[in-house]
Amino acid sequence: MRQQYGLKQSPCCDCLLHTCCESCALCQEYRELQMRGFDMKIGWHGNMELRNREMALSTMAMGDPPSAHEEMSRD
Numbered sequence: 007m008r009q010q011y012g013l014k015q016s017p018c019c020d021c022l023l024h025t026c027c028e029s030c031a032l033c034q035e036y037r038e039l040q041m042r043g044f045d046m047k048i049g050w051h052g053n054m055e056l057r058n059r060e061m062a063l064s065t066m067a068m069g070d071p072p073s074a075h076e077e078m079s080r081d
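Numbering (our numbering), first residue to last: 7 to 81.
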């Protein structure tokens with residue numbers, strides 16, 4: 007998680023923190039994910055689906071042409 011989000015390591019290494027105080031480490035990770043907009047109630051897969059949908063919507067809002075199944079047609 008530290009590498010994925012570019013978080014700096016302090017005051018001690020992650021391995022030591024998880025070994026000595028696992029509950030503190032897990033609480034810290036939970037808060038970090040919450041601050042980044044993750045909803046713990048929907049689980050990992052639910053959050054990934056939500057992120058993918060948000061990215062698709064933002065890509066469409068930026069003006070990418072619609073895909074073939076989204077184009078309007080006349081009957």
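Every residue gets a Cβ at the ideal spot worked out from N, C-alpha and C, and that includes glycine.
The model shown is predicted, which means the values in this text are computed figures rather than measured ones.
Rounded straight-line distance, which links the Cα of residue j to that of residue i
i: M7; j: M61; result: 20 Å
i: C26; j: L63; result: 43 Å
i: N58; j: C33; result: 26 Å
i: G43; j: C19; result: 25 Å
i: I48; j: S16; result: 30 Å
i: H24; j: E35; result: 11 Å
i: Q10; j: T65; result: 22 Å
i: L56; j: E28; result: 29 Å
Boundaries (first-last residue) of the alpha helix (DSSP H) holding residue i
i: M61; result: G49 to A67
i: R37; result: E28 to M41
i: Q9; result: R8 to Y11
Residue i, DSSP secondary structure in three states
i: L22; result: helix
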